[in-house]
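Student: Residue numbers (this note's numbering): 2 to 78.
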Amino acid sequence: MKKIKKADEMEMSINFKSMRLAWISENIALIIWAVMSCIYKNENVFILIIIITAQNIIFFSSKLYMGKKITGDNNEK
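#1: Rounded to whole angstroms, what is the Cα-Cα separation between T54 and K7?
#2: With DSSP as the reference, label K70 as helix, strand or coil.
#3: Which residue comes first and which comes last in the alpha helix (DSSP H) that contains S19?
#4: Does the beta-carbon of V36 have 16 or more other beta-carbons within 10 angstroms, so that it is buried, or is it exposed?
#5: If I measure Cβ to Cβ from V46 and keep anything under 7 Å in the same chain, skipping five residues before and after, which residues do I get?
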C-alpha cells in the first residue's frame, strides 16, 4: 500500500488560494441568486440567507480556531 505524501508549503498555499477563490465565488453566486429571486420572483430567500450565513460562520470560526491553534494563543509579556 502506497503512503500518502504530505503537502509541501507551495502545494498548501495553492490549495488555500483555490479554496478561498471557490468560497468567494460561491458566496457571490448565492447572493446574486437571492437578490434576483427577491426582485423578480418575490420569493422567500430565507433558505439562501441561512446557507450564506452558515457558510460564513463556519469559515470565520474555523479561521479563528486554526489561527489560535497555530500561534499557540500565548500571551507572553
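Cβ atoms here follow ideal geometry from the backbone N, Cα and C, with glycine treated the same way. Every value quoted in this text rests on a predicted model; they were computed, and no experiment measured them.
Tutor: Looking at the atomic coordinates:
#1: Spanning the two alpha carbons is a distance of roughly 32 Å.
#2: Helix at K70.
#3: Start and end: 10-37.
#4: Exposed is the call here.
#5: These residues qualify, in order along the chain: A35, S38, C39.
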